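A.B. asks: Sequential numbering of the sequence shown, starting at 1360, is according to this note's numbering. Built from N, CA and C at the ideal position, the CB exists for glycine as well. Every value quoted in this text rests on a predicted model; they were computed, and no experiment measured them.
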Amino acid sequence: MRSDSLPTTICQERKKDPIEMFHSGQLVKVCAPMVRYSKWAMADGYGACLINKPELVHDMVRQVRNRVESPRFSVSIKIRIHDDLARTIDLCRKAEATGVSWITVHGRTVEERHQPVHYDAIKMIKENVSIPIVANGDIRSLKEAENVWQMTGTDGVMVARGLLTNPAMFAGYEETPLKCIWDWVDISLELGTPFMCFHQHLMYMMEKITSRQEKRVFNALSSTSAVLDYLTDHYGDESLSKSL
C-alpha cells in the first residue's frame, strides 16, 4: 500500500464488548450488509420477510444464545417495520426478552423501496425497548448520520448504499477521495478480486466525481486492464504505473 493512503485511526473499541460502544455517548457508525442480495433472500423465505414470523426470529436468537458460551458475544438482528408499528414494537420487545443484544431498524416496510424513511417509527421503537437501537435508511453523509442519530435518539446508525458510493463517508468526506479509489485498486490487485466486483465498486465510488458521459465510457469497460488504463489516463497515479 502507498504511504499516501487515507489516514487510519486504530479503533481501540474493537477490543471491547460491542455493547460498551453503545454506552459511550458517541455516535456508533456501522457498515450494513451490502445491497443486491435482499431479493435472493426474500424469495427463499429469509431476510425482511422474517418480521412476519416473530416466533421463528425469537427461536433463532434463542438458539444462538444457547450455543455460544461467551456472555460477551453480541447477537443482533436487522429488521424493517410493519404498517402497524405496534407489531414491530412487540417483535422488538420479544427479541429483547429472548436475549438479542441490539437491533437495527430500517425505517421502511417490506413493500417500500424509495419512499421516505419513517424516522419517527424508529424513534418510537427506541422509546419502547431498553437495548440499543441502530437507525438505518437513506443516510448518505456523515452530517445526515449525525442528524438521524439526534432525530431518532438511537444509539448508532447503519449505512449501506452511502458507503458504497463513498467508502470514506464516516471519515467526513463528502465524496469519494481519489486516494480511496486507488486504495481499492491496490487491495483488488493484491487479492485478485473478480472483475465484476472490482468494477462495480468503482462505479459506485466514482458516481459523484464523474460526468454522465464519463460514466457511460467507464461503465462499459470489460476488463481489469481497461479499467486500470482508464484510471491512469484520467487520474494518473505514478505508483500504480510502476506496479503494473
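What residue range is occupied by the uninterrupted beta strand (DSSP E) comprising Lys-1482?
C.D. replies: Looking at the DSSP string, Lys-1482 is not in any beta strand (DSSP E); the run it does join, the alpha helix (DSSP H), is 1478-1486.
A.B. asks: Out of Gly-1515, Ala-1445, Arg-1571 and Pro-1475, which has the shortest C-alpha to C-alpha gap to Trp-1461?
C.D. replies: Of the listed residues, the one whose Cα sits closest to Trp-1461 is Gly-1515.
A.B. asks: Considering just the uninterrupted stretch of the alpha helix (DSSP H) at Cys-1556, what are its terminal residues?
C.D. replies: Counting along the chain, the alpha helix (DSSP H) containing Cys-1556 begins and ends at 1554-1564.
A.B. asks: With a threshold of 16 other CB atoms inside 10 Å of the CB of Asn-1578, please say whether the residue is buried or exposed.
C.D. replies: Exposed is the call here.
A.B. asks: Please report the distance separating the alpha-carbon of Val-1459 from that of Val-1416.
C.D. replies: Approximately 10 angstroms between the Cα atoms of the pair.
A.B. asks: From this set, Ile-1546, Lys-1538, Ile-1438 and Ile-1498, which residue's C-alpha is nearest Met-1510's C-alpha?
C.D. replies: Taking only the C-alpha atoms, the option nearest Met-1510 is Ile-1498.
A.B. asks: Do you know offhand how far Lys-1388's Cα is from Thr-1583's?
C.D. replies: If you take the alpha carbons of Lys-1388 and Thr-1583, they lie about 32 angstroms apart.
A.B. asks: Assess contact between the segment 1556-1566 and the segment 1524-1534, defined as three or more Cβ pairs (one per stretch) separated by less than 8 angstroms. Is contact present?
C.D. replies: Yes, the segment 1556-1566 touches the segment 1524-1534.
A.B. asks: How is Thr-1511 classed by DSSP in three states: helix, strand or coil?
C.D. replies: DSSP places Thr-1511 in helix when its eight states are reduced to three.
A.B. asks: Looking at the strands, I want to know which residues DSSP matches up with Cys-1390.
C.D. replies: Per DSSP, Val-1518.
A.B. asks: In chain order, what residues of the same chain lie with their CB nearer than 7 angstroms to the CB of Arg-1431, ignoring the 5 residues before and after it?
C.D. replies: For Arg-1431, where only same-chain residues beyond five positions count, the Cβ hits under 7 angstroms are Asp-1376.
A.B. asks: If you check the beta carbons only, do Val-1464 and Ile-1481 fall under 7 angstroms apart?
C.D. replies: Going by C-beta atoms, Val-1464 is nearer than 7 angstroms to Ile-1481.
A.B. asks: How is Val-1434 classed by DSSP in three states: helix, strand or coil?
C.D. replies: DSSP places Val-1434 in coil when its eight states are reduced to three.
A.B. asks: Rounded to whole angstroms, what is the Cα-Cα separation between Leu-1471 and Leu-1523?
C.D. replies: It is worth fixing the name first, because residue 1471 is Glu in this sequence and not Leu. Distance between the alpha carbons of Glu-1471 and Leu-1523: 21 angstroms.
A.B. asks: Find the nearest neighbour of Ala-1585 within the set Asn-1411, Met-1555, Gln-1422 and Ile-1410, judged by alpha-carbon distance.
C.D. replies: Per the Cα distances, Met-1555.
A.B. asks: Can you name the start and end residues of the beta strand (DSSP E) that Asn-1525 belongs to?
C.D. replies: That residue, Asn-1525, is in no beta strand (DSSP E); it is neither H nor E in DSSP.
A.B. asks: Can you tell which of Glu-1573, Glu-1505 and Val-1493 has the C-alpha that lies nearest to the C-alpha of Ile-1378?
C.D. replies: The candidate whose alpha carbon is nearest that of Ile-1378 is Val-1493.
A.B. asks: Can the beta-carbon of Lys-1485 be found less than 7 angstroms from the beta-carbon of Gly-1512?
C.D. replies: Yes, the Cβ-Cβ distance between Lys-1485 and Gly-1512 is below 7 angstroms.
A.B. asks: Just verifying my parser: in three-state terms, what is the DSSP assignment at Val-1416?
C.D. replies: Val-1416: helix per DSSP, three-state reduction.
A.B. asks: Using only the alpha-carbon positions, how far apart do Asp-1545 and Cys-1539 sit?
C.D. replies: Distance between the alpha carbons of Asp-1545 and Cys-1539: 10 angstroms.
A.B. asks: For Arg-1424, collect the residues of the same chain with a Cβ closer than 8 angstroms to its Cβ; drop the 5 residues on either side in sequence, then sort them by chain order.
C.D. replies: Closer than 8 angstroms at the Cβ level, and outside the excluded window around Arg-1424, lie Val-1434, Thr-1457 and Gly-1458.
A.B. asks: Hey, could you find the ends of the beta strand (DSSP E) Ala-1494 is sitting in?
C.D. replies: That run of the beta strand (DSSP E) goes 1492-1495.
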